[in-house]
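Chains as they are written, first to last, in our numbering: chain E, 218 to 1059; chain A, 649 to 1129.
C-beta atoms are modelled at their ideal positions from N, C-alpha and C, and glycine is treated no differently.
Everything numeric in this text was worked out from a predicted model, so none of it was measured.
Note sheet for the following structure.
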């Protein structure tokens, strides 16, 4: 059976229908007339989404230059340029010859078929079939093998061959001078034979030589083609006429013109590309959103299985605990690094990098990392850096809830000791009339401002709600913050002696011996930081250390929380327990209508693109609000909605000038190693990567932000002009004239050596070494090397002009040894990693 | 385009025009790129402003402490865990003390000496972001517009640095100064604005030529491609440079390329200028030695590089400079007593060394440093620190400062009915919006416009740079001569 790929057109049409055809982007494509010279006239005046109601997989082969010129992304402009073939006698085709689901580029030259399987312009397979004067070559899966067979039309005889040059089937239909076409006109899943005769199409679906349908469309001199343009599952009629493509519906008795597109020029041979020339690219782009980067094998694998099945597997994968990595190694490591906190610091980083680099649960890791940049704690100058199990437990909390419910995540984060330490919730007590001290407001403020709802009321699409004066509406006041501070008061670390009066400085198990016994301290700290906080229900001692105050340190008075339409728990009654207040306060926050758009938009920014359209945000927020089964806050639904949204998956988005995200340093670092299966060279497989946040290294590290505001703000704009247009580039907040220069050096060392804890001159043993062998073996073919690096380092999205330039530059490096091959590889990697071409993920 | 300013390099020119082409629908951008810098001709004198941002919200209640009997009683009673021990306070003697007594935080020994002895330090009391003069009744009644998102770090940092809290962020007031005065630097490649602490809102300018250069602690670094020994049009270096300047459709690519282009243009100039003046590490305690660099005092290290750039002003060809340095960690909700002391000691050591260096370089009269911070903090404690406030006290340091003086109005602390009272002595009204969060009595517009005027911004431009300053009684506090 021939494969039936879901066509791009069908997906667009469904998406457009779901959106009520009203998707509008904030930024109109400039100079639409020029840019869209090659797209469908039916949409030239419309916004971008509407422009892709149809898909023409247009491409041409230009005899004068010997190049395939292909529309990379449905934009109607040339996106890919592949040098192959030459002269006026070559014939160009595209089809899936090797059955990998991806169209191959083929040049037919007097009976010789040159098959390029990966767009590098080089023949990967060559065979002979046909070759008589007047033979017309075609590619189609007439045999239902899942591969396109070479076919020769010879004066009414159709010879179906194989790549060994044997004829496996023969049909008869048409006559000399006819132009043959193969396509599934009747939509029954089996390709039909057709011939084009001076504007008349004769169709033989049963392949028995009889004319079963006659259609008039086109004119003498046109080049005929047929493929499904409107997504109805039936092939449509398409003719190429001196650089113009005219498509007419094949699903109606009389063909009606669907679209007219300018692409190519007179003298070009049209090369419609179907199926999925770009499937690897789609797979690579998806994996760039969902993981820390992919190997070639990952991309090929996803390219044949598809993202839905991949997501299911990822959601089902068991979680590996960071604490389970850290805890068993603590005792041994503390002996190796006796300085305070040394062992914890090393092990936390090892646990994180190991999972990021080689964990099979890449989606969970990627989402966890995204959450760590929204619900921020930092190891930078905080107890989380040196308290055993503090950072690793927090990372576990994020990972455990990454595929759970956002409400549970908020609650777990609120009760997590590392967070409580970072934002001072641990030990925050109700007002003390003796000392005048008040509950700590730090966590209460940031849980609202940063972890859930933000400072202003939002529409579901993430845009601010405005009052009648056009002014944004605050979500809360200082009084609200103080109420939440009271609602969250009275908590302390677990494992204490709760018979004592209000202790919160340290768990009582903490070793107070002098000098301290590091082993006992580790055990005590892991006990205190490894589990949620507990409420202190016994005596509350005033800060004066003398006066006993009535009740527990939790504020038991009534509290007014967030008010919003259909608010949940807007008021907390008096005399609730600390946990009752906390649960209700979390419910009050979680049910606020802002959470979906506020968190959804940031997750999109972290995973996919800095400037999602309001419609995209709205779709993700809708998934947050209701997973389809009436459940609010289902993170799996949110992650699915983000990664499978047409805006994320379709190449059409690239046509927006604000599309994409600057790859942040941590992601780049992991990607550049993952792409080449880098593994530590030490026996235990430990990732001895120390703090990389210094600007002379990576300028960023995991759980090491300078403050709860993360390394960068989701609203950061790099220039006033972009700011005035509401365009953001969060990751550029940490890119400076200093950091970009330092990265040229960091990336160089990383490419040359991999990375390790001891600097560039250390012995190789502790290093994380990439395996470049597949790529250095391609160094003699610069075009192919660049094409392959494009796929794993830039999702196949590099500008073709840059790729040509890069290949030309590599070719100037003479090859006399394997060392020279490495030099070509290093040079290509460095240029991809340091130019805007490679640094911006699109 | 009529005239290409000399300092707009080929890269900058190519890039900005390319961006305009790609983003034709963004008129503001076209304006910014098309507008050639115009303004006064090259200056003959030298001036520098150094913004010291105390990130997190410094607790000004502990920076300058009224120590009179009843004021100290209030302090000792209500500051709780945030209080400084009385026996360590460093008395200062303002010329306008008005019968009250004051002290600096115990960590500020250098600044105490500079305040009392050199008279090179002034205090600006209870300044904060306001939209208009605001009384406590107006605040409570909501009858005067307030800065959006009061008490939020990110918003208040933005307000301080934009000087325009009512509008969505676009440019900083430092950037707007550079837009107008960049021609004072003639054809210099070095931008007027240099940040030693990364990107910041303060320095964001409209003009390409007025955008800041960011310098890291390790100094400038040239941008050299891998295999930079190769030459010729197809060399890696040539390809790298061409990909940096090529006009781009994607604005994120363009913005990244713009940073690289600026880095590449300026690093060489800075590198050669700095090599002539040395590291100055010996003069800045806590910044390591030439043989073993490494800073215990990150602020001192930034101020060291500022001093280096000032010392290299002739080589750089600059007459006006804006510097941004930052000390982070002032968000002392917890452990305030130790954390704030550590940070203020770094501030004191850094500023002391910096001031002495400007004296030694003969530019003390030409260099003014000032503190800024998103907000002050609560007067009452939360048990281990203090929470977000509003009005705050700040320091101005330099030879041009009319020092040993308090500017603005220092609230009087007291106890009324067993509760804290913070009263503005000028009006007799309470300035406590809750838990000792100060309602500012001097607008940041006034404080900052005073600095801008000294730097050379004309009266007309002051109003343009600080759009709200006209709502306040004065635009100049007079602390700079």
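Decide if the segment 1085-1103 of chain A is in contact with the segment 1111-1124 of chain A; the criterion is three or more beta carbon pairs, one per stretch, under 8 Å apart. yes
**Message:** Just verifying my parser: in three-state terms, what is the DSSP assignment at residue 993/A?
**Reply:** Position 345 of the second chain, counted from the start, is the residue given in the question as residue 993/A. In the structure shown, residue 993/A sits in a helix (DSSP, three-state: H, G or I).
message = On a Cα-Cα basis, can you pick out the residue from 768/A, 707/A, 746/A, 730/A that is closest to residue 1049/A?
response = Taking the first residue of the second chain as position 1, residue 1049/A is located at position 401. The candidate whose alpha carbon is nearest that of residue 1049/A is 768/A.
Item to check | As assigned by DSSP and simplified to three states, the class of residue 1023/A | outcome: Looking up residue 1023/A in the second chain gives position 375. Here residue 1023/A sits in coil by DSSP.
| Status (buried if at least 16 other CB within 10 Å, exposed otherwise) for residue 801/A | If you number the second chain from 1, residue 801/A lands on position 153. It counts as buried.
_Bridge partners - residue 951/E, DSSP secondary structure assignment_ = For the purposes of this step, residue 951/E is taken as the residue at position 734 of the first chain. The partner list for residue 951/E (beta bridge, DSSP) is empty, contrary to what the question assumes.
Note down, in chain order, all residues in the segment 844-867 of chain A with a beta-carbon under 7 Å from any beta-carbon belonging to chain E.
846, 847, 852, 854, 861, 862, 863, 864, 866
Would the segment 921-936 of chain A and the segment 844-855 of chain A be scored as touching if the rule is three or more Cβ pairs under 8 Å?
-> no
Residue 1131/A at chain E interface by Cβ criterion, 8 Å = Nothing about residue 1131/A can be reported from this structure: the residues present for chain A run from 649 to 1129 only.
Problem set entry | Reduced DSSP secondary structure (H/G/I, E/B, other) of residue 249/E | Indexing the first chain from 1 puts residue 249/E at position 32. Unreliable positioning characterises residue 249/E in this predicted model, as indicated by a pLDDT of 26, which lies under 50. The coordinate reading is nonetheless provided below. The answer is helix: DSSP assigns residue 249/E an H, G or I state.
State whether the segment 999-1008 of chain E contacts the segment 1034-1047 of chain E, with contact taken as three or more CB pairs (one from each stretch) at a distance under 8 Å. yes
The alpha helix (DSSP H) enclosing residue 890/E, as first and last residue numbers: Looking up residue 890/E in the first chain gives position 673. Where residue 890/E is concerned, the enclosing alpha helix (DSSP H) stretches over 882-891.
Residues in the same chain with beta-carbon distance under 7 Å from residue 1072/A, minus the five sequence neighbours each way, listed in chain order, please. What you label residue 1072/A is simply residue 424 of the second chain in a count that begins at 1. So the list reads 1057, 1059, 1079, 1089, once near-sequence residues are dropped.
*asked:* Please return the same chain residues whose Cβ sits closer than 6 Å to the Cβ of residue 483/E, not counting the five positions on each side in sequence.
replied: Within the first chain, residue 483/E is the residue found at index 266, counting from 1. The answer, listed in chain order, is 459, 460.
(message) Residues of chain A with CB closer than 7 Å to the CB of residue 877/E, please, in chain order.
(response) Your numbering for residue 877/E matches position 660 in the first chain. Per Cβ cutoff of 7 Å: 898, 900.
Task: Nearest residue (CA-CA) to residue 305/E, options 326/E, 288/E, 280/E - done: Sequence index remark: in the first chain, residue 305/E carries index 88 (1-based). Closest by alpha carbon: 280/E.
Cβ shell of residue 619/E (< 7 Å), same chain only, five flanking positions each side left out
Here residue 619/E refers to the residue found at position 402 when the first chain is read from its first residue. The answer, listed in chain order, is 581, 584, 585, 588, 852.
Going along chain E in order, which residues have a C-beta closer than 8 Å to the C-beta of residue 1068/A? Here the question's residue 1068/A lines up with position 420 in the second chain. Chain E residues near residue 1068/A: 653.
Original post:
Beta-carbon of residue 819/A versus every beta-carbon of chain E: anything under 8 Å?
Top reply: Looking up residue 819/A in the second chain gives position 171. Taking Cβ atoms only, chain E reaches closer than 8 Å to residue 819/A, which makes this a yes.
Item to check | Delimiting residues of the alpha helix (DSSP H) encompassing residue 529/E | outcome: As a first step, residue 529/E is located in the first chain; it is residue number 312 there, counting from the start. Here the alpha helix (DSSP H) through residue 529/E covers 524-533.
Notebook entry, point to check: Using a C-beta to C-beta distance shorter than 7 Å, which residues of chain A count as neighbours of residue 952/E?
Noted result: Here residue 952/E refers to the residue found at position 735 of the first chain. Under the 7 Å cutoff, chain A gives 904, 907.
Runs of alpha helix (DSSP H) lying entirely within the segment 333-363 of chain E, each at least 4 residues, in chain order: none
| query | From which residue to which residue does the beta strand (DSSP E) around residue 956/A run? | reply | The residue labelled residue 956/A in the question sits at position 308 within the second chain. Careful: residue 956/A lies outside any beta strand (DSSP E), inside the alpha helix (DSSP H) at 946-959.
Q: Quick one: grab the DSSP three-state call for residue 1014/E.
A: The residue you call residue 1014/E lines up with position 797 of the first chain. In this structure, residue 1014/E counts as coil in the three-state DSSP scheme.
Residue span of the alpha helix (DSSP H) that contains residue 748/E, given as start and end: If you number the first chain from 1, residue 748/E lands on position 531. Segment: none, residue 748/E is in no alpha helix (DSSP H) and carries neither H nor E.
- Item | Beta-carbon neighbours of residue 694/A, restricted to chain E and to distances below 7 Å | Locating residue 694/A in the second chain gives position 46, counting from the first residue. Going along chain E, no residue has its Cβ under 7 Å from residue 694/A, so there is no contact; the nearest lies around 23 Å.
Under three-state DSSP, which class holds residue 229/E? Taking the first residue of the first chain as 1, we reach residue 229/E at position 12. In this predicted model, residue 229/E has a pLDDT of only 33, less than 50, meaning its place in the structure is not dependable; the value taken from the coordinates is given anyway. Residue 229/E falls in the helix class under three-state DSSP.
query: Per DSSP, what kind of secondary structure is residue 319/E in: helix, strand or coil?
result: Residue mapping note: residue 319/E aligns to position 102 of the first chain, counting from 1. Residue state, collapsed to three classes: coil.
(request) Within the segment 884-953 of chain A, note down every full alpha helix (DSSP H) run reaching 4 residues or more, in order along the chain. (result) 884-893, 899-925
Note to self: Using a Cβ-based criterion (distance less than 7 Å to any ligand heavy atom), does residue 486/E qualify as near the ligand ADP?
What the structure shows: Only the bare structure without any ligand can be found here, which leaves the ligand ADP out of the picture.
Q | Residue environment, residue 966/E, which counts as buried when at least 16 other CB atoms sit within 10 Å | A | Numbered from its first residue, the first chain carries residue 966/E at position 749. Residue 966/E should be labelled exposed.
* Asked: Which one or two residues does DSSP pair with residue 699/A in a beta bridge?
  -> Counting from one through the second chain, the residue named residue 699/A turns up at place 51. Residue 699/A pairs with 972/A, 1018/A.
Helix, strand or coil, according to DSSP, for residue 1117/A in the structure here?
On the second chain, residue 1117/A is found 469 positions in, with the first residue counted as 1. Here residue 1117/A sits in helix by DSSP.
**Message:** Quick check on this structure: which residue in 300/E, 431/E, 885/E, 708/E has the alpha carbon closest to the alpha carbon of residue 748/E?
**Reply:** By 1-based counting over the first chain, the position of residue 748/E is 531. Checked all of 300/E, 431/E, 885/E, 708/E; the closest Cα to residue 748/E is 708/E.
Fill in: Cβ pair count under 8 Å reaching 3, the segment 551-566 of chain E against the segment 867-878 of chain E
no
message: Please classify residue 682/E as buried or exposed, where buried requires at least 16 other C-beta atoms within 10 Å of its C-beta.
response: Position 465 of the first chain, counted from the start, is the residue given in the question as residue 682/E. Burial call: exposed.
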